[in-house]
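Report on one structure; see the data block that follows.
Residue numbers (mature numbering (1 follows the signal peptide of the UniProt record, and there is no 0)): -18 to -1, 1 to 378.
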């Protein structure tokens, strides 16, 4: 049997009903605009930078742009030339692939006017609005995963941010010398932990050979510990089959894990592309590979929205609570991770996984789960079914 880890995303995933508010920036998704004639952008009252991402080219439409986002117009009361979100999403530097912002100088009033009909079909977008002072005092580059060019090896600024309206992959090649990359699931204003945004992934200290992270979030930011040259890129390749040869992460869709947001609550980004029911697999390159697997989670969910982890044919364990958890499987060919709907109720998790290929002769599965403020409850098949039914009823 191939060594295999399976992620099941269950029941349903609702759209976010509010924007994601950070101390210095705001993330808007498509659900923040649908059904509304206009949406104010108070972040821009004293000036701001606005970046946008869409699903890319729409063949057969006007100018090959997102038809719905083409009717979402950014209107600055002091600027006689408004711009659509669709148009802004397409503006990048032809040499580097860096995104250009719509720059607004305050004081002013800015809003997005929605000219779409009530029944118009909409698509995924990301609108990243950051206050002008923060943007002008940070050394950063920002890219769109869909249009990030292969720049080869280069020296990163203090922060490198990648945004995308579709699930995407961030990859990196070896540096010219020792380096450590730290990655958070937020914009450049939170790249160093502002607003309690946790580390989603960090390469080993003083060693960086390669990485490949597939994510279902709208934005990630990377901080390099050194100024050594490094190969960093992104694309919208997203496979539900991933390889254990590289360390990686799994998140509930749209989840950033930031605990210190201004309203005191966890917030989740919404997208029509975030699937309701998915199965992800992590396996070896060759048939019959077995691995020692190390899972680290940061969970923020109640028992109704618990997710489960099981190794091979072992009893599933339900995970929920508010804090860190950890599993270690000394030898496993199959780990199954089942999750329930979390996004629309402000709950979610980040899971980091590491694996090391082992000798196939050791087929004993062992695990340990250190306890914190979170919980791991051993469950039988009937309990799993009951939890699944309860979660589905809860979300009707």
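We put the beta carbon where it would ideally sit given N, CA and C, even for glycine.
Cβ neighbour criterion (16 or more within 10 Å) applied to residue i
i	result
residue 59	exposed
residue 105	buried
residue 39	exposed
residue 2	buried
residue 97	exposed
residue 352	Note that residue 352 has pLDDT 46, beneath the 50 cutoff, so the model's placement of it is unreliable and the number below is only indicative. Exposed, since its Cβ has fewer than 16 Cβ neighbours within 10 Å.
residue 343	Because the pLDDT of residue 343 is 49, which lies under 50, any placement of that residue in the model is unreliable, and the number read from its coordinates should be weighed accordingly. Residue 343 is exposed by the Cβ-count criterion.
residue 337	buried
residue 119	exposed
residue 137	exposed
residue 196	buried
residue 267	exposed
residue 283	buried
residue 350	Confidence at residue 350 is low in this model, with a pLDDT of 49, below 50, so the placement of that residue is unreliable and no value is reported for it.
residue 62	exposed
residue 245	exposed
residue 149	buried
residue 102	exposed
residue 238	buried
Residues bridged to residue i [DSSP beta-bridge criterion]
i	result
residue 9	2 and 110
residue 290	300 and 320
residue 136	212
residue 279	307 and 333
Span of the beta strand (DSSP E) around residue i
i	result
residue 201	201 to 206
residue 336	330 to 340
residue 230	230 to 233
residue 306	299 to 314
residue 77	Where residue 77 is concerned, there is no enclosing beta strand (DSSP E), given that its DSSP letter is neither H nor E.
residue 256	It is not in any beta strand (DSSP E) - residue 256 carries neither H nor E in the DSSP assignment.
residue 151	150 to 154
residue 195	193 to 197
C-beta contact flag for residue i and residue j at 7 Å
i	j	result
residue 107	residue 147	yes
residue 315	residue 213	no
residue 208	residue 161	yes
residue 141	residue 183	no
residue 293	residue 317	yes
residue 173	residue 203	yes
Boundaries of the alpha helix (DSSP H) in which residue i is found, first to last residue
i	result
residue 71	67 to 71
Contact belief for residue i with residue j at Cβ below 8 Å, rounded distance in angstroms
i	j	result
residue 279	residue 331	6 Å
residue 88	residue 29	4 Å
residue 9	residue 200	6 Å
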